[in-house]
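Going line by line, the protein sequences match chains A and B. Numbers 1 to 132, taken from my numbering, label the letters of the first sequence in order. Numbers 1001 to 1353, taken from my numbering, label the letters of the second sequence in order. Below you'll find the structure, written out as structure tokens, and then a few comments.
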Amino acid sequence: MMSSITARYWREIPQRYRGEASKSKKTGKTYFPPRLVEPKNGNRQFEPVKLDYEGNLITYTVIRVAPAGFEDQGAYALGIVELPGGARITAQIADCPLSDVKIGMKVRVVFRKIRDEGHEGIHCYGYKVVPA
Amino acid sequence: MAQERVVGIVGYGSYIPRHRIKVEEIAKVWGMDPETIKRGLQLYEKSVPTPDQDVITMSVEAARRAVKRAGIDPKKIGAVYVGSESHPYAVKPTGTTVAEALGATPDIHTADMEFACKAGSEGMFVCYGLVKAGLIEYGLGIGADTSQGAPGDALEYSASAGAAAFLFGNGDVLATVDFTYSYMTDTPDFWRREHSFYPSHGGRFTGDPAYFKHILGCGRALLEMSRMKPSDFAHCVFHQPNGKFPMRVAKMLGFTEEQNKTGWLTPWLGNTYSGSSPMGLTAILDISKPGDKIFMVSYGSGAGSDGFIYTVTEHIKGKPELAPKTRPQLDENKFYIDYGTYAKFRGKILKAG
């Protein structure tokens, strides 16, 4: 049976698996997830670029009451990471005790399973960050 | 006459999860004496994957490291073969996800291998053959597992997680493949039936008629066909279901403890099944010098062994430093967990609801 998230996950493979972003040919700014239209100036000319995989943790929060699909993961940290080029990603912070998570820490983007779609659906893969 | 192609490894990478459980922690739960296990099996601790890690994620990490060391465009990879007995899906390939994450699709051939602990060396063998035949420029062979031992079973002390990836190509290879040989028979020493969660095994039957017969059969034939003797090799590496078997089989073939110790990771890593001897090979390549000869024989229950003889070249220089080395991954930045956390991580207990 086709599930509700299968097609969406499939469409997002380039960004989720490989960190593919779009760089504006007008302003040089990198957007992630990739954009088709640049805000403010309406530019539609972009070139695909691959994000660098090391960056800094800008801020984070601790999720103690996890949403559906993440209930088993207990308390986990979710952070915003700035990567070279200025792109920012939101990602779970893995392999790091909550007490060790610090704003400004260097992190590395890794390939992890984000969630399972129940017991019979797809495994959803993507990126998380770990201490560099 | 066509010039013979120099085919070998152009890049390699390994990945070991950071979490570990000690033999003492498992033995405590089942009322066993940890010293007996440590002495008998030469196992001290093993790696444990977090719930967000599986054969696909570990293969991607190891493969990215292999590509980085090779310094090639992933689009040139013509084949990805992932060998494992714990592929995340029963139906849906591991290889396509790995290839997609590398950016190697769509001009590529992928297949998933399964042959107990030998599936990793199978992928390596096929990649080597395809490159040698000139059908592909580069081929990626990966051995990865997140194997499970039934609670309380002897395998629970050893079944661990890790991945090793090897990129085969020709030209500037960092290690040439000089000889290969494979040895197979139908031997029911270890198996898992469809829908069974944990494997079954033949206890002591997994020793002489299985592990030792096949590794010795393959290893002796490999020495004979290469007209080489054990003392010609800088390093050897064998499949490592526990710490004891590989040391014993090395001695039986005429290798010394010194030759075997670099790739001997199981006492601290556990048995990474399809990743076992390939993982040992990554640790050897990390420290090897040009001219070093390496003797490798895998083993998979069911049963068979793939043997390889490699010679390290000048192109190894500077390559190990380009990505995380294997031994530091094993020795540093570890998180020790208790049995309860381990049981949760491995899906042995589930949250209600």
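Using N, Cα and C, we set each Cβ at its ideal position, and we do this for glycine too.
May I ask which residues mark the beginning and end of the beta strand (DSSP E) holding Ser24 of chain A? 20–24
Got a sec: which bits of the stretch 1135–1164 of chain B sit with their beta carbon under 7 Å from any beta carbon on chain A, in order along the chain? none
Listed by chain order, chain B residues near Lys23 of chain A by CB distance under 9 Å: By Cβ distance, chain B contributes nothing, its closest Cβ being about 17 Å from Lys23 of chain A, past 9 Å.
So the alpha helix (DSSP H) Ser1059 of chain B belongs to, where does it begin and stop? 1055–1070
On the DSSP letters alone, give me the boundaries of the beta strand (DSSP E) that Asp1306 of chain B sits inside. 1302–1312
In three-state DSSP terms, what is Ser4 of chain A? coil
Give the straight-line distance between the Cα atoms of Ser1086 of chain B and Arg1193 of chain B, rounded to the nearest whole angstrom. 13 Å
On the premise that Cys1127 of chain B lies in contact with His1239 of chain B, defined as a C-beta separation below 8 Å, what is that separation, rounded to the nearest angstrom? Not really, about 19 Å apart at Cβ, beyond 8 Å.
How long is the line joining the alpha carbons of Thr1311 of chain B and Gly1243 of chain B, rounded to whole angstroms? 26 Å
Could you tell me whether the stretch 1163–1170 of chain B touches the stretch 1065–1080 of chain B, where touching means 3 or more Cβ pairs closer than 8 Å? yes
Quick check on DSSP: helix, strand or coil for Ser1014 of chain B? strand
What number of angstroms, rounded off, separates the C-alpha of Ser1047 of chain B from the C-alpha of Gln73 of chain A? 20 Å
Should Val1091 of chain B go down as buried or exposed, given a rule of 16 or more other Cβ atoms within 10 Å for buried? exposed
Using the three-state DSSP reduction, which class does Ser1147 of chain B fall into: helix, strand or coil? coil
By Cβ distance below 6 Å, which residues in the same chain neighbour Ser1059 of chain B in space, the five residues on each side in sequence not counted? Val1082, Val1098, Ile1142, Ala1144, Ala1163
Closest to Thr1256 of chain B by C-alpha separation, out of B:Ile1309, B:Leu1222, B:Ile1021, B:Pro1230, would be which residue? B:Pro1230
CA-to-CA distance, Val81 of chain A to Ser1288 of chain B, given in whole angstroms: 37 Å
Span of the beta strand (DSSP E) around Gln92 of chain A: 88–93
Roughly how many angstroms lie between the CA atoms of Ala1002 of chain B and Asn1260 of chain B, to the nearest whole one? Note on Ala1002 of chain B: pLDDT 48, under 50, position unreliable in the model; the coordinate value appears next. Going from the Cα of Ala1002 of chain B to the Cα of Asn1260 of chain B covers about 37 Å.
For Ala1101 of chain B, would you say it is in contact with chain A, using Cβ-to-Cβ distances shorter than 9 Å as the test? yes
Backbone secondary structure at Asn56 of chain A - three-state DSSP: strand
So does the stretch 46–64 of chain A actually touch the stretch 23–36 of chain A, counting three or more Cβ pairs closer than 8 Å? yes
Which residues of chain A have a Cβ atom closer than 8 Å to the Cβ of Lys1351 of chain B, listed in chain order? Glu71, Asp72
Flag Glu1061 of chain B as yes if its beta-carbon sits less than 9 Å from any beta-carbon of chain A, otherwise no. yes
Output needed for Asp95 of chain A: all residues of its chain with C-beta closer than 6 Å, excluding positions within five of it in sequence on either side, in chain order. Val130
Among the residues of its own chain, which have a CB less than 8 Å from the CB of Thr6 of chain A, if the five just before and after it don't count? Glu117, Gly121, Ile122
Residue nearest to Gly126 of chain A in terms of C-alpha spacing, selected from A:Tyr76, A:Arg8, A:Arg18: A:Arg18
What in chain A is Cβ-close to Thr1057 of chain B, meaning under 9 Å? Val110, Phe111, Arg112, Lys113, Tyr125
Quick check on Ile5 of chain A - is its C-beta less than 9 Å from some C-beta in chain B? no
Which residues, taken in chain order from the stretch 1027–1051 of chain B, show a beta carbon closer than 8 Å to some beta carbon of chain A? Thr1050, Pro1051
Ignore the nearest five residues each way along the sequence and tell me which others in Val1007 of chain B's own chain have a CB closer than 8 Å to its CB. Tyr1128, Val1131, Lys1132, Phe1168, Gly1169, Asn1170, Val1173, Thr1176, Val1177
Give the C-beta separation of Gly1330 of chain B and Trp1268 of chain B to the nearest angstrom, bearing in mind that I take them to be a contact with Cβ-Cβ under 8 Å. Per the sequence shown, residue 1330 of chain B should be read as Leu rather than Gly. Confirmed, Cβ separation roughly 6 Å.
What does a CB cutoff of less than 7 Å around Arg1069 of chain B pick up in its chain, not counting 5 residues either side in sequence? Gly1011, Tyr1012, Gly1013, Lys1319, Leu1322, Ala1323
Consult DSSP for His123 of chain A and reduce its assignment to one of helix, strand or coil. strand
When you compare the CB of Arg1018 of chain B with every CB in chain A, is at least one pair closer than 9 Å? yes
Extent of the continuous beta strand (DSSP E) to which Val1360 of chain B belongs: This structure cannot speak to residue 1360 of chain B, because chain B is shown only from 1001 to 1353.
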